[in-house]
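Here the structure comes first, spelled out in structure tokens, and everything after it is commentary.
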Amino acid sequence: MKPPPTSPSLLPLIRFFSTAKPPKPFSNAIYAPSPEEPITQTTTQIKPTNPSLKTPSETHQNRVLMEPNKAIPVVSTFASPFDSSPSPTASIDASSSLRKPLSLWPGMYHSPVTNALWEARSSIFERLLDPAKDNAPPQIEILTKRPSQSRTSILYNFSEDYILREQYRDPWNEVRIGKLLEDLDALAGTIAVKHCSNDDHTTRPLLLVTASVDKMVLKKPLRVDTELKIAGAVTWVGRSSIEIRMEVTQSQPENSNSTDPIALTANFMFVARDSKTGKSAPVNRLSPETEQEKMLLKEGEARDRLRKKIREEKKKAFEKSGGHSLHGEVNRLKTLLAEGRVFCDMPALADRDSILIRDTHLENSLICQPQQRNLHGRIFGGFLMHRAFELAFSTAYAFVGHMPSFLEVDHVDFLRPVDVGDFLRFKSCVLYTQLEDPDQPLINIEVIAHVARPELRTSEVSNTFYFTFTVHPDALKNGLKIRNVVPATEEEARRVLERMDAENCFDV
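Counted the way full-length UniProt numbering counts, the sequence shown spans residues 1 to 508.
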């Protein structure tokens, strides 16, 4: 009996399945594509010193950690569509020891830099996640380290790596700031790990978490067609806290008047915790060598004193007032609320050049997925900063009606960890505007992240983010006008005053 005739429309499918490879068996290791398969993950490529050796993950990690002044190259791991043949670095060998057990590998969401950095420090986290280390003694030996021992840099070869450039390009052909914030947080975490590590494999390592970002200032736009470098080092330490200074540099075009390569600076604050008890743990001391390092240490000490002074003043003011507003604050609140009352009570008479804070709100929600976790198993802080920035940018864009220009991350607080499976809500608004300088009006955006638990009917704040944007001068010359933003409630007015006061303190 002859088989029925095959439809011409099915012939391509039959040819496909007849030539398809059999599926790979499942295993408890992370899946790595074969060299001929396209992949969307990236890694650093570091050649072994002995040609007879493979490139084991441990050799990779040790070389990165032992060469603090050598920039970690970031390369794409899939071929450009314009290449006729794949490059030697275009794939990860399925048999490579770069494959890690799933419990040790961060989520696949992350950028080329975060993957490279986690690979560089994964040997430390292998100790951290080793069940045998649960009963190991804590890391109690306190060493004295130099800033140069933690200094680490990463190079983005945008001019030659087409795929890497596409991963970081925004619609206006500049570097996506959100992805850069993600990378800065990952690099700062690696630097903190390097400073706190004592190389004692008989103890359990410390847990290091991002506590806050005090200031991040963008001095000039970041181009996506020129090499970019991010670098950082520990500049100040307390008993259990570490401050890390980060710098982003990019060479200037020939027609530029500026010679300063620094495009962005940031201060990250990390705190150390015992990996078993969760209590604060002491960190290694810091011994600066150069005059620049000594100056940065003094600046860190001044910021620490200022933070303590502000906390003490707030505590005293609260105790003195019995939890109620002081007379001077009441007057400031009334002044701020005056225009908002007109909007609420007599909207037809309200100032058309003003808008209520609540009318600038945007919001998005998500369920935190395993692909967004870090090596601790919790949601990566850089991912939260990335999402908050994207929402803040959208809020400024919708408010202005023109593409905003990012200026600063004013402050970020990481108040509680966010876990896989959490229902996370980001809420943003234009908190206030500063219109005193007509050439550079400032738009201050607040983003608050809430972790909601519908089963328990609870919601608590996990993170607060504050960003500052402006608009291009050409838009202002064409008649663009920025509106004043006013609070309608006492709670909104308090948030405005608190943010203004915090900015004035740290600008002194």
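Yeah, the Cβ is synthetic: ideal placement off N, Cα and C, and Gly gets one too.
Under DSSP, no beta-bridge partner is assigned to V496.
Around the C-beta of D161, 16 or more other C-beta atoms lie within 10 Å, and the residue is accordingly described as buried. Contact between L117 and T190 holds, since their C-beta atoms are separated by about 5 Å, short of 8 Å. DSSP places A452 outside any alpha helix (DSSP H); the residue lies instead in the beta strand (DSSP E), whose first and last residues are 442-453.
Here Y432 is bridged, per DSSP, to N444. Pairing F389 with F467 gives a Cβ-Cβ distance under 8 Å. Counted as a single uninterrupted DSSP element, the alpha helix (DSSP H) harbouring E182 occupies residues 177-196.
Looking at the DSSP output, Q167 shares a beta bridge with no other residue. With a contact defined as Cβ atoms closer than 8 Å, L184 and I230 qualify at about 6 Å. Nearest to R483 by C-alpha distance, out of D353, E313, E174, is D353. Going by DSSP, L384 is part of the alpha helix (DSSP H) stretching over 381-400.
Shown here, G421 sits in coil according to DSSP, grouped into three states, outside any helix or strand. The residue from H402, A452, S241, S153 with its alpha-carbon nearest to that of D474 is H402.
CA-CA distance, R204 to Y156, rounds to 34 Å. Taking every protein chain shown into account, the CB of V447 has 16 or more other CB atoms within 10 angstroms, so this residue is buried. Taking C-beta atoms under 8 Å as the contact rule, H450 and E182 fail to qualify, at a distance of about 21 Å. Counted as a single uninterrupted DSSP element, the alpha helix (DSSP H) harbouring A475 occupies residues 473-477. Below 8 Å, enough C-beta pairs join the segment 429-442 and the segment 358-369 to call them touching: three or more. Leaving aside the five residues that flank E503 on each side, the residues in its chain whose CB is nearer than 7 Å to its CB run, in chain order, D410. In the three-state reduction of the DSSP assignment, N284 falls in the coil class, being assigned neither a helical nor a strand state. The three-state secondary structure of A71, taken from DSSP, is strand. One alpha carbon belongs to S241, the other to A266, and they sit about 16 Å apart. Here P404 has F393, A396, Y397, I443, F469, T470, V471 as same chain residues with Cβ atoms under 8 Å from its own Cβ, once five neighbours each way along the sequence are excluded.
The Cβ neighbour count for V461, taken over all protein chains shown within 10 Å, is under 16; the residue is labelled exposed. Per DSSP, P147 is one residue of the alpha helix (DSSP H) stretching across 147-150. Taken through DSSP and simplified to helix, strand or coil, V224 comes out as coil. For R245, the enclosing beta strand (DSSP E) stretches over residues 241-250. C196 has its alpha-carbon roughly 12 Å from the corresponding atom of R146.
Judged by beta-carbon spacing, G340 lies within the 8 Å limit of V486, meaning their Cβ atoms are closer than that value. Within the DSSP bridge table, the entry for W236 names E243 as partners. Excluding the 5 residues flanking it on each side, R332 has same chain C-beta neighbours closer than 7 Å at L497, in chain order. For A452, same chain residues with a beta-carbon under 7 Å away, outside a window of 5 residues either side, are F423, R425, S459 in chain order.
Distance between W236 and I355, taken at the CA atoms: about 42 Å.
Your pair Q250 and L228 checks out as a contact, with CB atoms roughly 5 Å apart and the cut at 8 Å. The straight-line gap separating the alpha-carbon atoms of T277 and L208 is approximately 13 Å.
In the DSSP assignment, the residues bridged to P404 are V471.
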